[in-house]
Amino acid sequence: MKNLALWAVSALFVAACTPKAEQPTDSGLLRTNFQTEVGGKKTDLYTLRNKNNMEVCVTNFGGRIVSVMVPDKDGKMQDVVLGFDSIQDYISKPSDFGASIGRYANRINQGRFTLDSIEYQLPQNNYGHCLHGGPNGFQYRVFDAVQPNPQEVELTYVAADGEEGFPGNITCKVLMKLTDDNAIDIRYEAETDKPTIVNMTNHSYFNLDGDAASNADHLLMVDADYYTPVDSTFMTTGEIVPVEGTPMDFRTPTPVGARINDYDFVQLKNGNGYDHNWVLNAKGDISRKCASLESPKTGIVLDVYTNEPGVQVYAGNFLDGSLTGKKGITYNQRASVCLETQKYPDTPNKPEWPSAVLRPGEKYMSQCIFKFSVDKE
Numbered sequence: 031m032k033n034l035a036l037w038a039v040s041a042l043f044v045a046a047c048t049p050k051a052e053q054p055t056d057s058g059l060l061r062t063n064f065q066t067e068v069g070g071k072k073t074d075l076y077t078l079r080n081k082n083n084m085e086v087c088v089t090n091f092g093g094r095i096v097s098v099m100v101p102d103k104d105g106k107m108q109d110v111v112l113g114f115d116s117i118q119d120y121i122s123k124p125s126d127f128g129a130s131i132g133r134y135a136n137r138i139n140q141g142r143f144t145l146d147s148i149e150y151q152l153p154q155n156n157y158g159h160c161l162h163g164g165p166n167g168f169q170y171r172v173f174d175a176v177q178p179n180p181q182e183v184e185l186t187y188v189a190a191d192g193e194e195g196f197p198g199n200i201t202c203k204v205l206m207k208l209t210d211d212n213a214i215d216i217r218y219e220a221e222t223d224k225p226t227i228v229n230m231t232n233h234s235y236f237n238l239d240g241d242a243a244s245n246a247d248h249l250l251m252v253d254a255d256y257y258t259p260v261d262s263t264f265m266t267t268g269e270i271v272p273v274e275g276t277p278m279d280f281r282t283p284t285p286v287g288a289r290i291n292d293y294d295f296v297q298l299k300n301g302n303g304y305d306h307n308w309v310l311n312a313k314g315d316i317s318r319k320c321a322s323l324e325s326p327k328t329g330i331v332l333d334v335y336t337n338e339p340g341v342q343v344y345a346g347n348f349l350d351g352s353l354t355g356k357k358g359i360t361y362n363q364r365a366s367v368c369l370e371t372q373k374y375p376d377t378p379n380k381p382e383w384p385s386a387v388l389r390p391g392e393k394y395m396s397q398c399i400f401k402f403s404v405d406k407e
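Residues in the sequence shown are numbered consecutively from 31, following my numbering.
Here it is in structure tokens:
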């Protein structure tokens, strides 16, 4: 009996010391796959959950939304954003999937701008222009992260004066909150010690079907009477022109794929599809819906609200099947739609457009709300 008792105690001790198998998130992610060091800073995965069991997973590498689990019309949970299963994939396969873009989202012409009579030269990483803050923009930096409660994460990054050519030491914050009405409320803040420019956005690639096959049937609405055309290098021309009578008119819900290949319309040829900034009628009114996306297949609806004057609609034109994402899914051309709320592209060189200048003593504040619901009809 003594030996049996010793055996039982030993078995209990071994069981207590044996680590339990890691439980994946609802979207199938393992936190340990996101824990490493990049540039001497630790990366991790943060899971947000609301009372409806909606789940959002975020990594502090690039301030990225990795997964978003929402219910479809049948109550089945679907992951509606593109991304990778591990931090190593985000490092080895450069992309903007889910990223907090900065210091300046979208393009700056030839990577040059003048502020207070000083000319600055930025990296030229896209057709001779500076795109999304340069090749080492915020999407490839590690943010400091704090999760104060199960529904919020606070991300902070300090960008040095001269980083990617931009002036000023700036402290940037990205505050992500998952609300109980199934919305991701993203707030950006920044302060600087020298005059600079700031234009941040979230670059989530949405596919509301949950299988990332195509965006062609997704119904897109953009509440905008005007948009900003681009030339063959994707740079805005400085014009603001009407959407009326063109394939750029999404004032009523229209399938993304209905006119996307109408290359007789030069803007679709120049953009290789939709990759343009729309001038929002809401004019910064955060209470007014500025855009929406809906999947007829799942019934999932995404409504977008912002205090920014524009939204860049990018239809995944440059996805080419070379990237394999979560759950081994291949991301083919136009497998998603990005809805990037922002200042207009190249505003530092177009003084008549809403300014992106931030000066010492001021606080940059930008907000974007991605609100999910279901159309059961």
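Heads up, the beta-carbon is just placed ideally off N, CA and C, and yes, glycines get one too. If you're wondering where the values come from, they're calculated on a predicted model, not measured in any experiment.
The beta strand (DSSP E) spanning residue i covers which residue range?
| i | result |
| --- | --- |
| Lys299 | Per DSSP, Lys299 belongs to no beta strand (DSSP E); it is in the alpha helix (DSSP H), Val296 to Gly301. |
| Asp109 | Met107 to Asp109 |
| Asp241 | First-last for Asp241: undefined, no H or E at that position. |
| Ala288 | Per DSSP, Ala288 belongs to no beta strand (DSSP E) and is neither H nor E. |
| Lys123 | Element bounds for Lys123: n/a, residue is neither H nor E. |
| Val188 | Glu182 to Ala189 |
| Met99 | Arg94 to Pro101 |
| Ile178 | Note on identity: in this sequence residue 178 is Pro, with Ile being the wrong assignment. Counting along the chain, the beta strand (DSSP E) containing Pro178 begins and ends at Asp174 to Asn179. |
| His306 | Asp305 to Val309 |
| Val88 | Glu85 to Thr89 |
| Ala129 | Ala129 to Ile131 |
| Thr73 | Taken as a continuous stretch (DSSP letters only), Thr73 belongs to no beta strand (DSSP E), as it is neither H nor E. |
| Tyr150 | Ile148 to Gln151 |
| Thr258 | Tyr256 to Thr258 |
| Leu249 | Leu249 to Val252 |
Would the C-beta of residue i count as close to the ligand MN, meaning under 7 Å from any of its heavy atoms?
| i | result |
| --- | --- |
| Ile131 | Absent from the structure shown: the ligand MN. Ligands present: none. |
Can you name, in chain order, every residue of its own chain whose Cβ lies under 7 Å from the Cβ of residue i, other than the five neighbours on each side?
| i | result |
| --- | --- |
| Asp223 | Gly198, Asn199 and Pro390 |
| Pro277 | Arg289, Asp292, Phe295 and Leu298 |
| Phe400 | Ala213, Ile214, Leu332 and Val334 |
| Asn139 | His159, Met265, Asp376 and Asn379 |
| Val110 | Val98, Val100, Phe236, Asn237, Leu238, Gly240 and Ile330 |
Kindly list the residues whose CB is nearer than 6 Å to the CB of residue i, restricted to its own chain and excluding five residues on each side of it in sequence; keep chain order.
| i | result |
| --- | --- |
| Val331 | Glu324, Ser403 and Asp405 |
| Gln177 | Tyr76 and Val183 |
| Pro283 | Leu249 and Met251 |
Using three-state DSSP, classify residue i as helix, strand or coil.
| i | result |
| --- | --- |
| Thr222 | strand |
| Phe400 | strand |
| Ile117 | helix |
| Gln53 | coil |
| Phe143 | strand |
| Glu392 | coil |
| Phe168 | helix |
| Lys356 | helix |
| Pro272 | strand |
| Thr263 | coil |
| Gly280 | It is worth fixing the name first, because residue 280 is Phe in this sequence and not Gly. If DSSP states are grouped into helix, strand and coil, Phe280 belongs with coil. |
| Thr328 | coil |
| Thr336 | strand |
| Arg364 | coil |
| Asn199 | coil |
| Asn232 | strand |
| Asn82 | coil |
| Asn63 | helix |
| Asn156 | strand |
| Glu193 | helix |
| Thr377 | helix |
What distance in whole Å lies between the Cβ atoms of residue j and residue i, which are believed to be in contact at a cut-off of 8 Å?
| i | j | result |
| --- | --- | --- |
| Gly346 | Ser366 | 4 Å |
| Lys81 | Asp210 | 5 Å |
| Val96 | Leu75 | 7 Å |
| Asp253 | Ala321 | 7 Å |
| Asp104 | Lys356 | Not a contact, Cβ separation roughly 21 Å. |
| Pro272 | Asp146 | Actually they do not touch by this definition, with Cβ atoms about 35 Å apart. |
Out of the options, point me to the one whose CA is closest to residue i's CA.
| i | options | result |
| --- | --- | --- |
| Ala189 | Val176, Val172 and Pro180 | Val172 |
| Val228 | Met84, Ser322, Gln53 and Arg137 | Arg137 |
| Ser244 | Glu407, Thr360 and Ala321 | Thr360 |
| Arg281 | Leu298, Asp315 and Tyr256 | Tyr256 |
| Glu182 | Val334, Glu382 and Ile216 | Ile216 |
| Tyr187 | Tyr170, Val111, Gly195 and Pro178 | Tyr170 |
| Arg364 | Ala312, Met206, Ala246 and Glu338 | Ala246 |
| Lys385 | Glu338, Tyr150, Val286 and Pro285 | The question names Lys, but residue 385 in the sequence shown is Ser. For the residues Glu338, Tyr150, Val286 and Pro285, the minimum Cα distance to Ser385 belongs to Glu338. |
| Val286 | Phe236, Ser317 and Glu269 | Phe236 |
| Gly192 | Leu185, Met206, Ala175 and Gly164 | Gly164 |
| Gly314 | Glu269, Asn300, Gly70 and Met395 | Met395 |
Below 8 Å CB to CB, which residues in the same chain sit around residue i once its five sequence neighbours on both sides are set aside?
| i | result |
| --- | --- |
| Ser393 | Contrary to the premise, residue 393 reads as Lys rather than Ser in this sequence. Here the set comprises Glu219, Ala220 and Glu221. |
| Tyr157 | Thr263, Phe264 and Met265 |
| Gln108 | Met99, Val100, Pro101, Asp102, Leu238, Asp239, Gly240, Thr328 and Ile330 |
| Asp305 | Val260, Phe264, Gln342, Val343, Tyr344, Ala345 and Asn347 |
| Thr267 | Thr258, Pro259, Val260 and Asp261 |
| Gln154 | Gln140, Gly141 and Cys160 |
| Phe168 | Gly92, Gly93, Ala129, Ser130, Ile131, Gly132, Arg133, Tyr187, Ala189, Cys202 and Met230 |
| Pro54 | Leu60 |
| Ala73 | The displayed chain sequence assigns Thr, not Ala, to residue 73. Once the five neighbours on either side are set aside, the close Cβ partners of Thr73 are Phe64, Gln65, Thr66, Glu67, Thr89, Asn90, Phe91, Ile117 and Val172. |
| Leu353 | Lys123, Ser125, Thr360 and Tyr361 |
| Tyr150 | Arg142, Phe143, Thr144, Gly195, Phe196 and Pro197 |
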